[in-house]
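Trainee:
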Amino acid sequence: MLKERYDVIVIGAGPAGLAAAIEAKKTGAQDVLVVERAQELGGILQQCIHNGFGLLIFKKDMPGPAYAQHFIDELAGLHIDTLLDAMALNVTSERHVYATSRTSGFLELDTRALVLAMGCRERTRAQIALPGTRPAGVYTAGTAQRFVNIEGFMPGKRFVILGSGDIGMIMARRLTFEGAKVERVLEIMPFLTGLTRNYVQCLLDYDIPLQLQHTVKRIIGNDRVEAIESVQIDKQRQPIPGTEEIIPCDTLLLSVGLIPENELSRKAGVSLDPVTGGPFVDEKMQTNVPGIFAAGNVVHVYDLVDWVTQAGLLCGRNAAQYAIAERKHHGRRVKMKAGDNVRYVVPHVLDKESLAESAQRLQMRVTLPIEEPVWVEVMNGEERVTRKTELYVRPGEMVNIDIPQSAYDAVQRASELSVRVVRR
Amino acid sequence: MADKTYDVIIIGAGVVGSMVARFLSRYKLDILLIEKDSDIGMGASSANTAIVHAGYDPKPGTLKAEMNVLGNQMFDQLAGELNFSFERRGDYVVAIGPEEFTKLEGLRQQGLENGVPGMVIINGADVRRREPNINPEVSGALWATTGGICDPFGVVVAAAENAVVNGVTLMTDTAFQDFIVEGRRIVGIKTNRGDFNSRWVVNSAGLYCDEVMHKAGVRPEFKITPRKGEYYVFDKAEITINNVLFPVPSATSKGILVTTTVHGNTIIGPNALEIDDKEDRSITREGLDEIWQGALNLVPSLSLRYSIAEFAGLRPGGNAPCANLDVKYNKDYIIEIPKEVDGLVNLGGIESPGLTSSPAIAVRVVELLEGAGEKLEEKPDWNPIRRARPRFRDMLPTEQKLLVENDASYGRIICRCENVTEGEIVAEIHAPIPARTYDAIKRRTWLGTGRCQGGFDTPRVVEILARELGVSPLEISKKGKGSEFLVRPTKDKEAE
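Protein sequences appear in the order of chains A and B.
Mapping of the first sequence onto the working numbering: position 398 corresponds to residue 398, and the numbering continues sequentially without gaps.
Convert by adding 1000 to the 1-based position in the second sequence; the result is the number in the working numbering.
Shown next, in the form of structure tokens:
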């Protein structure tokens, strides 16, 4: 059963979100909720069935799902709420979260601290303005990875991969395992953009050619990709005429970069760094909006999942501390209410601890004049905290009353104080 | 040959064919609408600038000008009846620098001749106030208050669906091959899916209308030359243009616009490149560069960093001279019952502003049939209303909550960028005109059109389509046969 208000809500259950939720709970946050759009926890790790995870944190080489499972198990032991198959639609700067899911319906939740851990998305064909036709058979490497590793279907037989990013190289190997032919990996830069270890283990070991300073000039084929035309480029990234080559294939995979996914952050009023594409954060991973934190690839794109986890831990700890302070602060605040014959009271809210420093003055106006002596009384329910007398009260003349330091204990017991003006 | 004889067969279910079907569905007629592609509206109707033109642009005296102005006037009622997105927010022809300003009055006069109401010339300061991102050298604009924007594919779906609900039979994947003729009368058509008898045939074949009319021996000199137009689409979170901004037109083209869509995206384009191949909707480096330069002239602050899609459409440009020989113009529309044969309503060269003109053309077709002695009797139960299906992203949170409470499948988001739900997808798959491909769902729900361009939703949509259609995911395609997404199961899956 979900609560209406949490100490910490984490959006996204990838490596950053899992770590943040776990650490928030361990730091002392009472209620923690993870909202995840997939049907299971773990995020993109669930489709990363290759090794290469955990070397830093666990000192061993693990596949993605095993790495994720470690945190999923820990999370389960900590009684952290999860909301799966659910999309956070909107977040306000006051940390009011709108989410929807097939199983839990349309939800509105509040949280004292919010952790943004939505990760990143892949750059598309359109973002690099790749010319040619628009047939089936053009996929981002991650989408192809999902088809193969989660859905269990091959999206093609004969591949060209554009971009030497890690997902692209890992998919080159995975597709080769599955009996597909990877014709070529093309990279527009004069250097590898992914990790060298992936170049060795995924391309070199399987004799998949990598061509640096090459790109796709156009895509050919109306219904399904039939070929791509590649071209070599010069140092100014201009195509070199005469170097064009038609490479027959039925699929083009794109591994051309990742972009932090910050549509929700923007709705919450979080400022984004145009260079990283992620929020501006302080050393606590807090954004410009108080109480909204961010961790992992949503902030900037990492090389290693272990670092994402570490960012999540740091962020979760700080989010919890923020929530704890909020909660304490919230418990310290007492509302001032206008009682009989009082129109309003200023201040509207009083910090109980303020009485430890000094007496606190309340100012008010009455609703109706009383031309005889009255009591001005500050009440906690039926218990009187303090009172004073006035010879008369009139709406045109402001009334003051001080809550003395001696009322400290009485005020601690209250969640609300009312002020009334009654005949003596 | 089939025994049945239709009263009317309509060739081509683009916006014109669908609109003709919708207006004819009012009468007691047995109508067949055929479409060669896997879905309706896959040609010019699905890739254009989405503008309901005011009508100051076409040459006065042409059929094009007449249809444009009449069609424009019909859009309020039509949008109300058919429930497609339409906003009559006006458009602007923007003059940059003092010389262009002098051309605005001529354009206004042309509009007045065409019968366009509500045109005003405003000064540069007014334009800047209405569109702060405009080129600061703006000298003024022709403001046409009757201009509008719509969801062009939504118009096709709404019209065709209303036609189908009112009894029209739609067959997709059905390609016209030839006419069946007895004497000088057309009595039916041959298709890849058999022969069909009919008393009347309407040629609304768009890019292929020339080939269709030539089969009937009509206008052998008429030729469609596809004119390609390319576009960039921008991320709505990053770039917002409030208005429809045309440049001052050249002799050949309305020029490269910067405009907004009913979905909130800014789009720029199109260029105009005459080509031979009627299926070549490829985008080119040169074309993209051309529209980019054109757009910068209107809005210099645009940034390609925020481009999220590029596409190209083909205008079915014809070479028909204006019926009024006093008007020197050779790209006019053809809307006729030709003399050479009986039983054909011939439409041709319906390029821009074809979307705007389509309802007026449909009414003209009805009039032509009546003029040819066809006794059109209204159906007592004809329903002009086509209800819209829920669109989650356009709703207030309170409405969304209610929708999800009534049907939990609307609670599951499938497209993360455009917030399209499973409920909407399933509703389109089981609609009167079923969406059976990825692109068919995309055009109807706007799924996959955002920043990630379907990277997130594609595997999920394939799964939903397979489930709802009761077929293997291997059979699910992007846009019909030959464009399947997947080729075979993985080794693990096969072993299962």
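A virtual CB, placed ideally from N, CA and C, is assigned to each residue, including glycine.
Which two residues bound the contiguous beta strand (DSSP E) that contains W1292 (chain B)?
Mentor: Indexing the second sequence from 1 puts residue 1292 (chain B) at position 292. No beta strand (DSSP E) contains W1292 (chain B), which is instead part of the alpha helix (DSSP H) from R1285 to L1298.
Trainee: Between the segment 136-151 of chain A and the segment 219-227 of chain A, do at least 3 Cβ pairs fall closer than 8 angstroms?
Mentor: Yes, the segment 136-151 of chain A touches the segment 219-227 of chain A.
Trainee: Going by CA-CA distance only, name the one from B:A1175, B:I1414, B:K1479 and B:H1430 that's closest to P1459 (chain B).
Mentor: Residue numbering aside, residue 1459 (chain B) sits at position 459 when the second sequence is read from its first letter. It is B:I1414.
Trainee: So V281 (chain A) packs on A294 (chain A), CB below 8 angstroms; how close in whole Å?
Mentor: Mapped onto the first sequence, residue 281 (chain A) falls at position 281. Mapped onto the first sequence, residue 294 (chain A) falls at position 294. 6 angstroms between Cβ atoms; contact.
Trainee: Using a Cβ cut-off of 7 angstroms (strictly closer), state whether K26 (chain A) contacts chain B.
Mentor: Working through the first sequence from its first residue, we reach residue 26 (chain A) at position 26. Not one chain B Cβ lies under 7 angstroms of K26 (chain A).
Trainee: G1354 (chain B): which of B:E1422, B:L1207 and B:D1457 sits nearest, CA to CA?
Mentor: In the second sequence, counting from the first residue as 1, residue 1354 (chain B) sits at position 354. Cα-wise, what sits closest to G1354 (chain B) is B:L1207.
Trainee: State the beta-bridge partners of W1200 (chain B) as determined by DSSP.
Mentor: Taking the first residue of the second sequence as position 1, residue 1200 (chain B) is located at position 200. Looking at the DSSP assignment, W1200 (chain B) forms a beta bridge with B:V1008.
Trainee: From P395 (chain A) to E283 (chain A), what does the alpha carbon distance come to, in whole angstroms?
Mentor: Looking up residue 395 (chain A) in the first sequence gives position 395. Looking up residue 283 (chain A) in the first sequence gives position 283. Answer to the nearest angstrom: the Cα atoms are 52 angstroms apart.
Trainee: Against chain B, does E178 (chain A) count as a neighbour if the rule is that its beta carbon must be under 7 angstroms from one of theirs?
Mentor: For the purposes of this step, residue 178 (chain A) is taken as residue 178 along the first sequence, with counting starting at 1. With 7 angstroms as the cut-off, E178 (chain A) counts as an interface residue toward chain B.
Trainee: Going by the beta-carbon positions, is the gap between V8 (chain A) and V34 (chain A) smaller than 7 angstroms?
Mentor: Position 8 of the first sequence, counted from the start, is the residue given in the question as residue 8 (chain A). Position 34 of the first sequence, counted from the start, is the residue given in the question as residue 34 (chain A). Taking 7 angstroms as the Cβ cut-off, V8 (chain A) and V34 (chain A) do not qualify as a contacting pair.
Trainee: Short of 7 angstroms in beta carbon distance, which residues of its chain neighbour D303 (chain A), apart from the five on each side in sequence? Order them along the chain.
Mentor: Stepping through the first sequence from its first residue, residue 303 (chain A) is reached at position 303. Hits under 7 angstroms: L195.
Trainee: Specify whether the segment 1054-1067 of chain B and the segment 1314-1333 of chain B touch according to this definition: at least 3 beta carbon pairs, one from each stretch, less than 8 angstroms apart.
Mentor: Contact holds: three or more Cβ-Cβ distances are below 8 angstroms.
Trainee: Can you tell me which residues form a DSSP beta bridge with N400 (chain A)?
Mentor: For the purposes of this step, residue 400 (chain A) is taken as residue 400 along the first sequence, with counting starting at 1. Answer by DSSP bridge pairing, in chain order: A:Q363.
Trainee: Given a threshold of 16 other Cβ atoms within 10 Å of its Cβ, counted over all protein chains shown, does P1316 (chain B) qualify as buried or as exposed?
Mentor: The residue you call residue 1316 (chain B) lines up with position 316 of the second sequence. When all chains shown are included, P1316 (chain B) counts as buried.
Trainee: Mapping the DSSP letters down to three states, classify Y1056 (chain B) as helix, strand or coil.
Mentor: Numbered from 1 along the second sequence, position 56 holds the residue referred to as residue 1056 (chain B). If DSSP states are grouped into helix, strand and coil, Y1056 (chain B) belongs with coil.
Trainee: Let's see if you can read the secondary structure: which residues bound the beta strand (DSSP E) around K434 (chain A)?
Mentor: Any question about residue 434 (chain A) goes unanswered here, given that chain A covers just 1 to 424.
Trainee: Identify the residues that DSSP records as bridge partners of C1415 (chain B): which are they?
Mentor: Position 415 of the second sequence, counted from the start, is the residue given in the question as residue 1415 (chain B). DSSP output for C1415 (chain B) lists B:V1420 as bridge partner(s).
Trainee: Under the rule that 16 or more other beta-carbon atoms within 10 Å means buried, what is D1057 (chain B), buried or exposed?
Mentor: The residue you call residue 1057 (chain B) lines up with position 57 of the second sequence. Buried, because 16 or more other Cβ atoms sit within 10 Å of the Cβ of D1057 (chain B).
Trainee: Can you say whether K1228 (chain B) is buried or exposed, counting buried as having 16 or more other CB atoms within 10 angstroms of its CB?
Mentor: The sequence position of residue 1228 (chain B) within the second sequence is 228, counting from 1. Classification of K1228 (chain B): buried, given that the 10 Å Cβ count is 16 or more.
Trainee: Could you list which residues in chain B have their beta carbon closer than 7 angstroms to that of Y98 (chain A), in chain order?
Mentor: For the purposes of this step, residue 98 (chain A) is taken as the residue at position 98 of the first sequence. Near Y98 (chain A) (Cβ distances below 7 angstroms), the residues of chain B are P1397.
Trainee: Whole angstroms are fine: how far does the CA of T140 (chain A) sit from the CA of L192 (chain A)?
Mentor: Taking the first sequence and counting its residues from 1, the one referred to as residue 192 (chain A) is at position 192. Taking the first sequence and counting its residues from 1, the one referred to as residue 140 (chain A) is at position 140. L192 (chain A) and T140 (chain A): Cα-Cα distance of roughly 18 angstroms.
Trainee: Compare the Cα-Cα distances from I1224 (chain B) to each of B:E1182, B:D1276 and B:E1230 and report the closest residue.
Mentor: If you number the second sequence from 1, residue 1224 (chain B) lands on position 224. Measuring from the Cα of I1224 (chain B), the nearest candidate turns out to be B:D1276.
Trainee: Beta-carbon separation of F58 (chain A) and P1489 (chain B) under 7 angstroms?
Mentor: Start at 1 with the first residue of the first sequence, and residue 58 (chain A) comes out as number 58. Start at 1 with the first residue of the second sequence, and residue 1489 (chain B) comes out as number 489. No, Cβ-Cβ distance for F58 (chain A) and P1489 (chain B) is not below 7 angstroms.
Trainee: Compare the Cα-Cα distances from G54 (chain A) to each of A:G77, A:G43, A:S265 and A:F71 and report the closest residue.
Mentor: In the first sequence, residue 54 (chain A) corresponds to position 54, counting from 1. The candidate whose alpha carbon is nearest that of G54 (chain A) is A:F71.
Trainee: Would the segment 400-408 of chain A count as touching the segment 314-330 of chain A if we require 3 or more Cβ pairs under 8 angstroms?
Mentor: Because the criterion of three Cβ pairs below 8 angstroms is not met, the segment 400-408 of chain A and the segment 314-330 of chain A do not touch.
Trainee: How about P1384 (chain B) and E1081 (chain B): do their beta carbons lie closer than 7 angstroms?
Mentor: Residue mapping note: residue 1384 (chain B) aligns to position 384 of the second sequence, counting from 1. Residue mapping note: residue 1081 (chain B) aligns to position 81 of the second sequence, counting from 1. Contact: yes.
Trainee: Quick one: what does DSSP say G1206 (chain B) is sitting in, helix, strand or coil?
Mentor: Reading the second sequence from its first residue, position 206 is the one you call residue 1206 (chain B). Helix, per DSSP.
Trainee: Considering only residues of the same chain and omitting the five flanking positions on each side of A19 (chain A), which have a CB-CB separation below 7 angstroms?
Mentor: Looking up residue 19 (chain A) in the first sequence gives position 19. Closer than 7 angstroms at the Cβ level, and outside the excluded window around A19 (chain A), lie F71, T309, G312, L313 and G316.
Trainee: Considering only the alpha carbon of each residue, which of B:I1283, B:I1441 and B:S1204 lies closest to L1314 (chain B)?
Mentor: As a working mapping, residue 1314 (chain B) is identified with position 314 in the second sequence. Taking only the C-alpha atoms, the option nearest L1314 (chain B) is B:I1283.
Trainee: Take R1196 (chain B) and list the residues in its own chain whose beta-carbon comes closer than 7 angstroms to its own, dropping the five residues that flank it on each side.
Mentor: Taking the second sequence and counting its residues from 1, the one referred to as residue 1196 (chain B) is at position 196. One point to set straight first is that residue 1196 (chain B) is Phe, not Arg, in the sequence displayed. If we look at F1196 (chain B) and ignore the five residues flanking it on each side, its Cβ neighbours are A1002, Y1006, I1009, L1032, G1188 and I1189.
Trainee: Would a check of beta-carbon distances place M446 (chain A) closer than 7 angstroms to chain B?
Mentor: Nothing in the structure corresponds to residue 446 (chain A), since chain A is present only between 1 and 424.
Trainee: Which residue spans inside the segment 1134-1211 of chain B form an unbroken beta strand (DSSP E) run of at least 3?
Mentor: The qualifying runs are 1138-1144, 1148-1150, 1169-1171, 1176-1182, 1185-1191 and 1194-1203.
Trainee: For D351 (chain A), which residues in the same chain have their Cβ closer than 7 angstroms to its Cβ, ignoring the five residues on either side in sequence?
Mentor: Locating residue 351 (chain A) in the first sequence gives position 351, counting from the first residue. Once the five neighbours on either side are set aside, the close Cβ partners of D351 (chain A) are R332 and R333.
Trainee: Can you find a C-beta in chain B that's less than 7 angstroms from the C-beta of K157 (chain A)?
Mentor: The residue you call residue 157 (chain A) lines up with position 157 of the first sequence. Interface residue, yes.
Trainee: Using a Cβ-Cβ cut-off of 7 angstroms, state whether R34 (chain A) counts as contacting chain B.
Mentor: Here residue 34 (chain A) is taken as the residue at index 34 of the first sequence, counted from 1. The question names Arg, but residue 34 (chain A) is Val in the sequence shown. No, no contact with chain B.
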